[in-house]
Amino acid sequence: MRAVIRVAIAACVLLVIYALQCGVQAGFTEYVQRIILLAGINVILAVGLNLINGTTGQFSIGHAGFMAVGAYGAAFVGVQLAKPVHGALGSGPLAEAIVFNGALLAGALFAGISGLIVGMPSLRLRGDYLAVVTLGFGEIIRILFNNATFLGSATGYFGDDPSGLPAYTNFFWVFAWVTVIVILIHNLTFSQTGRSLTAIREDEIAAEAMATPTTRLKVTAFAISAATAGIAGGLFAHMQAGVRPEDFRFEKSIDMVVMIIVGGLGSISGAILGGIFVAVSLELMRDLQQYRLVLYALLLIVIMIVRPEGLLGTRELHHLLRRKKAPKPAAPTESS
Amino acid sequence: MTQLLQQIINGLSLGSIYALIALGYTMVYGILKLINFAHGEVFMVGAYTGFYAAGALGVARFEANNQGFPLYLAILVLLIAMAAAALLGMTIEFLAYRPVRSAPRLTPLITAIGVSLFLQNVGMLLFSPNPQRYPAILSEVRFEVLGVIVTNIKLTIFAVALCLMLGLHLFVQKTWTGRAMRALSFNIDAAKLMGIDTNRVIRSTFAIGSGLAAAGGILFGLDQITINPLMGVLTGLKAFVAAVLGGIGSIPGAVVGGLLIGLAEQLTAGYLSPEYRDAITFVILILILLLKPEGLLGVVRVEKV
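Chains A and P are the protein sequences, given in the same order.
Once you know that position 185 of the first sequence is 185 in the working numbering, the rest is easy, because the numbers rise by one and skip nothing.
Once you know that position 265 of the second sequence is 1265 in the working numbering, the rest is easy, because the numbers rise by one and skip nothing.
Take a look at the structure:
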C-alpha cells in the first residue's frame, strides 16, 4: 500500500513538472528559459557541494573539475549509447530518455569515482588539505581534457554528429533531477549518517571519540557530492551541444562556492536560493563581466566578516516559515 | 650526464624561487593554522611592482642604449617591491584576516580564497590580463662549465634566495621578534600570557613572508621572462605543496621542499614531457599526504582535545 502511494506521489510530481514545462515553454522567451535551466543546474551543483562544504565542513574549491568529468563522461557515453538503443527501440522519446539518463548516470559514476580518488588521500587528514588538493585537481583535469585528443582537445567534445550533442536537456529533465537530488540530499542530511556528518563538522575529535568512522563518512560524502556535480555537468553538456574545457575554469568552482555561502553553509534551502541567485546575477552582470569576479570576491570577504553563516545559516527555509524552533544551529566551534 | 646537470641547475634555481614563496606559507600556517591563499597573489603583485619600479627608474633607456641596468638600481627595484608587498601583506592581514581570526576554521579559509580572487581580478583590471615582458634589470651573461650552460641570472636567483633565507634564519633564531614568532607557533595563548603583543608579531610575520614572496616574484620574472596577473595561482600552489612536502610550519622544511619541487618539475619536463610539469607537483602532494602527512622535516603533533 505504502509503495503504491509513493509511486503515485512520484508520478504526480513528475506530472506537475511536465505541466510546468509546458507552461514555461509557452510563456517565456528562449532567453528566459535558458536562465531557468541554468538556475536548475546551479541548484543541483549547490545542493551537492553543500553536502561536503556545508554539512560535513570539508572545503572543496575544485568542484568544476567533477562537473567537467561528469559532462565529458555523459557526453561520451551518450554518444556510445545512442546507436544500440535507437537501433533497438527506434527514435521515440522513450529511447531518448533511456540514452539521456543512462548518460547522466554514467557521468555521475565517473565523477563519483574521481571524487573517491581525490578524496581518499586528502580527507584522511584534518585541516584544509582538501581545499588545496581540489584546487589542484580542478586545474589538472582541465589540462587533461585540453590534451585528450579523443575528446576533442581544446575545441571540446561535440559527439560524432556535426550539429553537436543532441539537446536532450529541457525543463522536465532538469527539474526532475533537481527534485531527485534535493530529496536525496535532504534525506541523507537528516538521517543518522547526516547527523554524523554534522558531528564531523562541529568537532572531528569528539565525533571520532563517539566511534564515528570519520574518514569513511567524509570520503563517502565527498564522492556523493562529486557525483551530483557530475549529473549537473551532464545536464549542462546536453544543453549547449558540446563540452569545452574552458567551461570548467576555476571561476566555475568559485561560482559554486558563492552559491552556498550566500545562502548559508549547511542549509539546503540556502543552497537552492544561492544557486538561483548566481544564475540570475550572472545574467544581470553580463555587461560587467570583468568586474563580476571582483564583486564576488568582495562579497565572499564581506559575508565572512559580517555574517559568516550566510543568509540562512544552517537553518532551513521551512523551519523558519513554520515558525517552529529549528534544531539549534550549533555555532561551529574550534577544537583545540 | 650534461643534460642531467643542466636540468639540476635549472631545477635548483626554480626551486629556490618556490622556497622563497613557501616560507611565507609555512610561517603563516605555523602561527595561524591558515592556508594563506592570497600569498600567491602577493607574489604576483611583488613581480608587478618590480616591473613598474624598473620602468620608473628608466630601464627602457638603458636597454635602448644597450647598457646594463646598474646593479644598485636593480637592488633598489628589489627593495621597493619587497616593501610594497610587505605593506600589502600587512593590509590584507589587518583588513581581512584579523576580523575572522577567532572564527571557526572555515571562515578564514573562505576569506583567504576571497582575497586571492580579489587580487587576481583587480590585477587583471589594473595590469591588463595580457602577459608582459619582464624588463632586463640584469643583463644575461652565459658561460659554460663542463658543457653545462649557466647564466648569471640563474646564479643570481640562487644567491639572492640563499641570502634571504639565511637572513630569515638569523632573524627567527636571533632577534626578539623571531623568538616571539616561534613562541606563537608553539602556543599562541601561552605567548599572549607571556606579554607578547600577538597582533604585532603576526603583522611582522605577514610583512616578512610577503617581502620574501615579492623577491620571489622579481626572480621569477627574470627567470621566466614574462609575467601575468594569474601567475600567482599555479606558482603559489606549487610553493604551498613545497611547504607541505617539507613539513608545514617548518622553515628549513620549506626550503628543502621548494628545492625538491623545483628539481622534480625540471626533471619531469626534461625527461618525461613538458605537459606533465604542472601535474607532477600534485602527484607529489598526494603521495606525501598518503605516506608522510607531517612532511619531511615536520614534527608529528599529538592531537589534543
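For every residue, glycine included, the Cβ atom is placed at its ideal position computed from N, Cα and C.
For W173 (chain A), count the other beta carbons within 10 Å of its own beta carbon; 16 or more makes it buried, fewer makes it exposed. Which is it?
Within the first sequence, numbered from 1, the residue matching residue 173 (chain A) stands at position 173. The residue is buried, with at least 16 neighbouring Cβ atoms inside 10 Å.
Between the alpha carbons of P303 (chain A) and I1110 (chain P), how many angstroms are there, rounded?
Residue mapping note: residue 303 (chain A) aligns to position 303 of the first sequence, counting from 1. Residue mapping note: residue 1110 (chain P) aligns to position 110 of the second sequence, counting from 1. This sequence places Ile at residue 303 (chain A); Pro is not what is there. Between I303 (chain A) and I1110 (chain P), the alpha-carbon positions lie close to 10 angstroms from each other.
Taking CB distances under 8 angstroms as the criterion, tell me whether T296 (chain A) reaches chain P.
The count along the first sequence starts at 1 and reaches residue 296 (chain A) at position 296. Sequence check: residue 296 (chain A) is Tyr here, not Thr. Yes, contact with chain P.
If I follow the unbroken beta strand (DSSP E) through F1143 (chain P), where does it start and stop?
Locating residue 1143 (chain P) in the second sequence gives position 143, counting from the first residue. Where F1143 (chain P) is concerned, the enclosing beta strand (DSSP E) starts and stops at 1142-1145.
Can you have a look at M1194 (chain P) and say buried or exposed, based on whether 16 or more other CB atoms are within 10 angstroms of its CB?
Working through the second sequence from its first residue, we reach residue 1194 (chain P) at position 194. Within a 10 Å sphere around the beta-carbon of M1194 (chain P) sit fewer than 16 other beta-carbons, which makes this residue exposed.
Grab the span of the alpha helix (DSSP H) containing T1235 (chain P) for me, first residue to last.
The count along the second sequence starts at 1 and reaches residue 1235 (chain P) at position 235. For T1235 (chain P), the enclosing alpha helix (DSSP H) covers residues 1231-1246.
Is there contact here, the segment 52-61 of chain A with the segment 286-296 of chain A, by at least three beta-carbon pairs under 8 angstroms?
No: fewer than three Cβ pairs fall under 8 angstroms.
Bounding residues of the alpha helix (DSSP H) (the contiguous stretch that carries I1017 (chain P)):
Mapped onto the second sequence, residue 1017 (chain P) falls at position 17. That run of the alpha helix (DSSP H) goes 1002-1032.
Cβ of L320 (chain A) less than 8 angstroms from any chain P Cβ?
Residue 320 (chain A) sits at position 320 when you count from the first residue of the first sequence. Not an interface residue.
Would the beta-carbon of G230 (chain A) fall within 8 angstroms of that of G73 (chain A)?
Translated into the one-based positions of the first sequence, residue 230 (chain A) becomes position 230. Translated into the one-based positions of the first sequence, residue 73 (chain A) becomes position 73. Yes, the pair counts as a contact, with Cβ atoms nearer than the cut-off.
Nearest residue (CA-CA) to V43 (chain A), options A:I205, A:P213, A:I181:
Residue mapping note: residue 43 (chain A) aligns to position 43 of the first sequence, counting from 1. Minimum Cα distance to V43 (chain A) is reached at A:I181.
Are the CB atoms of L1306 (chain P) and G136 (chain A) nearer to each other than 8 angstroms?
Lying before the first or after the last residue shown, residue 1306 (chain P) is absent from chain P, which here runs from 1001 to 1305.
On the CB-based measure, 16 or more other CB atoms within 10 Å of its CB, does L1014 (chain P) come out buried or exposed?
Against the second sequence, residue 1014 (chain P) aligns to sequence position 14. The residue in question, L1014 (chain P), is buried, as its Cβ has 16 or more Cβ neighbours within 10 Å.
From the DSSP output, in three-state form, read off Q1067 (chain P) for me.
By one-based count along the second sequence, residue 1067 (chain P) stands at place 67. Three-state result, Q1067 (chain P): coil.
L1208 (chain P) - DSSP class collapsed to helix/strand/coil:
On the second sequence, residue 1208 (chain P) is found 208 positions in, with the first residue counted as 1. The question names Leu, but residue 1208 (chain P) is Ile in the sequence shown. In the three-state reduction of the DSSP assignment, I1208 (chain P) falls in the helix class, which pools H, G and I.
Beta-carbon separation of M210 (chain A) and A227 (chain A) under 8 angstroms?
The sequence position of residue 210 (chain A) within the first sequence is 210, counting from 1. The sequence position of residue 227 (chain A) within the first sequence is 227, counting from 1. Using a Cβ distance threshold of 8 angstroms, M210 (chain A) and A227 (chain A) do not count as a contacting pair.
What would DSSP say about N187 (chain A), mapped onto helix, strand or coil?
The residue labelled residue 187 (chain A) in the question sits at position 187 within the first sequence. It is helical.
Could you confirm whether any beta carbon from chain A is found closer than 8 angstroms to the beta carbon of G1275 (chain P)?
Counting from 1 along the second sequence, the entry for residue 1275 (chain P) is found at position 275. According to the sequence displayed, residue 1275 (chain P) carries Glu and not Gly. Yes, E1275 (chain P) lies at the interface with chain A (some Cβ there is under 8 angstroms from its Cβ).
Can you pull the chain A neighbours of N1121 (chain P), defined as C-beta to C-beta under 7 angstroms?
By one-based count along the second sequence, residue 1121 (chain P) stands at place 121. Within chain A, the residues near N1121 (chain P) are L293, V294, A297.
Under three-state DSSP, which class holds Y168 (chain A)?
Here residue 168 (chain A) refers to the residue found at position 168 of the first sequence. Residue state for Y168 (chain A) is assigned as coil, using DSSP reduced to three classes.
For L1289 (chain P), decide whether its Cβ has a neighbour in chain A, counting only Cβ atoms nearer than 8 angstroms.
As a first step, residue 1289 (chain P) is located in the second sequence; it is residue number 289 there, counting from the start. Chain A contact via Cβ: present.
Which word fits H318 (chain A), buried or exposed, when buried means at least 16 other C-beta atoms lie within 10 angstroms of its C-beta?
Position 318 of the first sequence holds residue 318 (chain A). Classification of H318 (chain A): exposed, given that the 10 Å Cβ count is below 16.
Cut-off 8 angstroms between Cβ atoms - residues of its own chain near S335 (chain A), not counting five sequence neighbours on either side:
Here residue 335 (chain A) corresponds to residue number 335 of the first sequence, with the count starting at 1. Per-residue confidence for S335 (chain A) stands at a pLDDT of 45, beneath the threshold of 50, marking its modelled position as unreliable; the derived number appears in the next sentence. For S335 (chain A), the CB contacts under 8 angstroms within the same chain, skipping 5 residues up- and downstream, are D203, E204, I205, A206 in chain order.
Relative to the C-alpha of G1298 (chain P), which candidate in P:L1259, P:H1039, P:L1245 has its C-alpha closest?
The residue you call residue 1298 (chain P) lines up with position 298 of the second sequence. Of the candidates P:L1259, P:H1039, P:L1245, the one whose C-alpha sits nearest the C-alpha of G1298 (chain P) is P:L1245.
If you measure beta-carbon to beta-carbon, which residues of the segment 48-61 of chain A are closer than 7 angstroms to chain P?
Against chain P - using a Cβ distance shorter than 7 angstroms - the residues of the segment 48-61 of chain A are G57, F59, I61.
Contacts that I1286 (chain P) makes with chain A (C-beta to C-beta distance below 8 angstroms)
Walking along the second sequence from the start, residue 1286 (chain P) turns up at place 286. Ordered by position in chain A, the residues that pass the 8 angstroms Cβ test against I1286 (chain P) are P121, S122, V133.
Can you pull the chain P residues whose beta carbon is under 9 angstroms from the beta carbon of Q289 (chain A), in chain order?
Within the first sequence, the letter at position 289 stands for residue 289 (chain A). Under the 9 angstroms cutoff, chain P gives no residues; its nearest Cβ is about 11 angstroms from Q289 (chain A).
Are L1291 (chain P) and L125 (chain A) closer than 8 angstroms when you measure CB to CB?
Here residue 1291 (chain P) refers to the residue found at position 291 when the second sequence is read from its first residue. Here residue 125 (chain A) refers to the residue found at position 125 when the first sequence is read from its first residue. The answer is no: Cβ separation not under 8 angstroms.
Reducing DSSP to helix, strand and coil, say where R1133 (chain P) ends up.
Counting from 1 along the second sequence, the entry for residue 1133 (chain P) is found at position 133. Strand.
So, does the segment 1029-1041 of chain P touch the segment 1173-1180 of chain P, judging by three or more C-beta pairs under 8 angstroms?
With fewer than three CB-CB distances shorter than 8 angstroms, the segment 1029-1041 of chain P does not count as touching the segment 1173-1180 of chain P.
Are the C-beta atoms of D128 (chain A) and some chain P residue less than 8 angstroms apart?
Along the first sequence, one-based indexing puts residue 128 (chain A) at 128. Yes, its Cβ sits closer than 8 angstroms to a Cβ of chain P.
Run through DSSP, which three-state label would S335 (chain A) get?
Mapped onto the first sequence, residue 335 (chain A) falls at position 335. Caution is warranted here: a pLDDT of 45 is assigned to S335 (chain A), below 50, making its placement in the model unreliable, and no coordinate value can be reported.
Give the secondary structure of G1295 (chain P) by DSSP, where H, G and I count as helix, E and B as strand, and everything else as coil.
The residue given as residue 1295 (chain P) occupies position 295 in the second sequence. G1295 (chain P) falls in the coil class under three-state DSSP.
Exposure label - I117 (chain A); buried when at least 16 CB within 10 Å
Counting from 1 along the first sequence, the entry for residue 117 (chain A) is found at position 117. That one is exposed.
L321 (chain A) - DSSP class collapsed to helix/strand/coil
In the first sequence, the residue the question calls residue 321 (chain A) occupies position 321. Note: L321 (chain A) maps to helix in three-state DSSP.
Extent of the continuous beta strand (DSSP E) to which I1149 (chain P) belongs
Position 149 of the second sequence, counting from 1, holds the residue named residue 1149 (chain P). Taken as a continuous stretch (DSSP letters only), the beta strand (DSSP E) holding I1149 (chain P) covers 1148-1151.
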